[in-house]
Amino acid sequence: MGNAQYCGIPIMVDEFLADIGSQVGLEPQEIRVVRYRGNSAQQMSEYGRNPSRESIVFFTRP
């Protein structure tokens, strides 16, 4: 799961996914960060370097 940025504001997609999983009856166990990636050249020129994380979201069924 890759997080994103919009106009320099981080969008924590992995945390949103964990929340949605909880709402549909899954139990989030862990959000494991696997790497950080840089933002696009267009974003970097205006907002500076602000890496986003790529994560794996683990769930269990109750």
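Numbering (this note's numbering), first residue to last: 1 to 62.
Yeah, the Cβ is synthetic: ideal placement off N, Cα and C, and Gly gets one too.
Exercise for the section: May I ask you to report which of helix, strand or coil DSSP gives V34? Expected result: Here residue 34 refers to the residue found at position 34 when the sequence shown is read from its first residue. Strand, per DSSP.
Exercise for the section: State buried or exposed for D14, treating a residue as buried only when at least 16 other CB atoms are found within 10 Å of its CB. Expected result: Walking along the sequence shown from the start, residue 14 turns up at place 14. It is buried - the Cβ of D14 has at least 16 other Cβ atoms within 10 Å.
Handout entry: Among N39, F59, P62, nearest to R53 - alpha-carbon criterion
Key = The sequence position of residue 53 within the sequence shown is 53, counting from 1. When each option's Cα is compared against that of R53, the closest is N39.
Problem - As assigned by DSSP and simplified to three states, the class of S52 - result: Against the sequence shown, residue 52 aligns to sequence position 52. In this structure, S52 counts as strand in the three-state DSSP scheme.
Exercise for the section: Provide the residue span of the beta strand (DSSP E) that contains P10, from first to last. Expected result: Within the sequence shown, residue 10 is the residue found at index 10, counting from 1. P10 -> beta strand (DSSP E) spans 9–11.
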